[in-house]
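Accompanying notes for the structure given below.
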Amino acid sequence: NAGVTQTPKFRVLKTGQSMTLLCAQDMNHEYMYWYRQDPGMGLRLIHYSVGEGTTAKGEVPDGYNVSRLKKQNFLLGLESAAPSQTSVYFCASSYGYAQYFGPGTRLTVT
Amino acid sequence: AQSVTQPDIHITVSEGASLELRCNYSYGATPYLFWYVQSPGQGLQLLLKYFSGDTLVQGIKGFEAEFKRSQSSFNLRKPSVHWSDAAEYFCAVGAGGAQKLVFGQGTRLTINP
Numbered sequence: 001n002a003g004v005t006q007t008p009k010f011r012v013l014k015t016g017q018s019m020t021l022l023c024a025q026d027m028n029h030e031y032m033y034w035y036r037q038d039p040g041m042g043l044r045l046i047h048y049s050v051g052e053g054t055t056a057k058g059e060v061p062d063g064y065n066v067s068r069l070k071k072q073n074f075l076l077g078l079e080s081a082a083p084s085q086t087s088v089y090f091c092a093s094s095y096g097y098a099q100y101f102g103p104g105t106r107l108t109v110t
Numbered sequence: 111a112q113s114v115t116q117p118d119i120h121i122t123v124s125e126g127a128s129l130e131l132r133c134n135y136s137y138g139a140t141p142y143l144f145w146y147v148q149s150p151g152q153g154l155q156l157l158l159k160y161f162s163g164d165t166l167v168q169g170i171k172g173f174e175a176e177f178k179r180s181q182s183s184f185n186l187r188k189p190s191v192h193w194s195d196a197a198e199y200f201c202a203v204g205a206g207g208a209q210k211l212v213f214g215q216g217t218r219l220t221i222n223p
């Protein structure tokens, strides 16, 4: 039982490049979330999903897109990366209001 | 809107000393409250949660937290800290539908030997 996994662990992008972060969970959870973590700002919700085929905007959705084609996977896309998107990205899934987090992806945009 | 305040950005305690991390929340109804811990370079791990009932909640790793409605607080405690407790601690409150959470800004805990 791997829990929540994230791919890749590290990535460096140039401004304007695109990429997709993959989150996978094997706990059969309906709810999934993408957060970004920046120093002194805690975790901020980017997008979330309440089930396969659904997505919704969180607190800071601009510049990101998401898809949930399969229940176990939640993808976060950056279409045109900007230096302001340099951050650590965490995926989580939820059951009974308790969220379970992946190990994170450290993204640097130069 | 729901919000969480962790007044202490950084706390240093000696190994073996007691610990209390403060958390204040803003929420109209009975809140769902959580404490998470994040070790360096890791994701967040759930320490404990409060939904209802007994206001003193026991968690993993010897931590406990007490819900005080009159003070809108949910402080985390541990009687005797270990060097391995050095980490960042986040308080969170349930924020409406879709089981969303609102997190505080975190408290970084340093342990002196």
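Chains as they are written, first to last, in my numbering: chain D, 1 to 110; chain S, 111 to 223.
Glycine residues also receive a C-beta, built at the ideal position from the N, C-alpha and C atoms.
For residue i and residue j, what's the separation of their Cα atoms in angstroms?
i                : j                : result
Gly53 (chain D)  : Lys178 (chain S) : 40 Å
Gly102 (chain D) : Gln6 (chain D)   : 6 Å
Gly151 (chain S) : Ser182 (chain S) : 31 Å
Tyr199 (chain S) : Ala2 (chain D)   : 23 Å
Gly40 (chain D)  : Asp164 (chain S) : 32 Å
Asn185 (chain S) : Gly204 (chain S) : 16 Å
Val66 (chain D)  : Tyr146 (chain S) : 25 Å
Tyr48 (chain D)  : Gly42 (chain D)  : 17 Å
Asn12 (chain D)  : Gly206 (chain S) : The sequence given here places Val at residue 12 (chain D); Asn does not occur at that position. Each residue's Cα considered, the two are about 35 Å apart.
Pro189 (chain S) : Ser128 (chain S) : 4 Å
Cys133 (chain S) : Leu143 (chain S) : 10 Å
Phe90 (chain D)  : Pro223 (chain S) : 32 Å
Ile46 (chain D)  : Tyr33 (chain D)  : 8 Å
Gly16 (chain D)  : Val109 (chain D) : 9 Å
Met19 (chain D)  : Leu78 (chain D)  : 5 Å
Lys14 (chain D)  : Ala24 (chain D)  : 26 Å
Pro61 (chain D)  : Phe161 (chain S) : 29 Å
Glu130 (chain S) : Val191 (chain S) : 10 Å
Leu157 (chain S) : Glu174 (chain S) : 9 Å
Lys171 (chain S) : Tyr31 (chain D)  : 27 Å
Arg187 (chain S) : Leu166 (chain S) : 10 Å
According to DSSP, residue i sits in a beta bridge with which residue or residues?
i                : result
Ile221 (chain S) : S:Val123
Gly65 (chain D)  : Gly is not the amino acid found at residue 65 (chain D); the sequence shown has Asn there. Per DSSP, D:Gly77.
Ala82 (chain D)  : Per DSSP, none; premise fails for Ala82 (chain D).
Phe213 (chain S) : S:Ala202
Lys171 (chain S) : Per DSSP, none; premise fails for Lys171 (chain S).
Asn1 (chain D)   : None; Asn1 (chain D) has no bridge partner.
For residue i, count neighbouring Cβ atoms within 10 angstroms of its own Cβ and tell me buried if that reaches 16, exposed if not.
i                : result
Lys70 (chain D)  : exposed
Gln148 (chain S) : buried
Gln168 (chain S) : exposed
Thr139 (chain S) : Contrary to the premise, residue 139 (chain S) reads as Ala rather than Thr in this sequence. It counts as exposed.
Gly104 (chain D) : buried
Lys57 (chain D)  : exposed
Phe10 (chain D)  : exposed
His120 (chain S) : exposed
Pro141 (chain S) : buried
Gly51 (chain D)  : exposed
Ser94 (chain D)  : buried
Gly96 (chain D)  : exposed
With a cut-off of 8 Å on the beta carbons, I'd call residue i and residue j a contact; round off their distance for me.
i                : j                : result
Thr220 (chain S) : Ala196 (chain S) : 6 Å
Ala92 (chain D)  : Tyr35 (chain D)  : 7 Å
Ser87 (chain D)  : Leu107 (chain D) : 6 Å
Gln215 (chain S) : Gln116 (chain S) : 6 Å
Cys201 (chain S) : Val114 (chain S) : 5 Å
If the cut is a Cβ gap below 7 Å, which residues of chain S does residue i touch?
i                : result
Pro104 (chain D) : A small correction: the amino acid at residue 104 (chain D) is Gly; Pro does not occupy that position in the sequence shown. The contacting residues are Gly153.
Leu45 (chain D)  : Lys210
Met27 (chain D)  : The contacting residues do not exist; Met27 (chain D) stays about 13 Å from chain S at best.
Phe101 (chain D) : Gly153, Leu154
Report the neighbours of residue i on chain S: residues whose CB is nearer than 9 Å to its CB, in chain order.
i               : result
Val50 (chain D) : Gly207, Ala208, Gln209
Ser94 (chain D) : Ala208, Gln209, Lys210, Leu211
What residues of chain D sit near residue i, judged by a beta carbon separation below 7 Å?
i                : result
Lys159 (chain S) : Ala98
Could you name the residues of chain S that residue i contacts, counting a contact when the two beta carbons are closer than 8 Å?
i               : result
Phe90 (chain D) : Gly153, Leu154
Tyr31 (chain D) : Ala208, Gln209
Please list, in chain order, the chain D residues whose beta carbon lies closer than 8 Å to that of residue i.
i                : result
Gly204 (chain S) : Tyr97
Tyr142 (chain S) : Tyr97
Please compile the residues from chain D whose C-beta is within a distance smaller than 9 Å of the C-beta of residue i.
i                : result
Tyr199 (chain S) : Ordered by position in chain D, no residue passes the 9 Å Cβ test against Tyr199 (chain S), which lies about 11 Å from the chain.
Gln215 (chain S) : Gly40, Met41, Gly42
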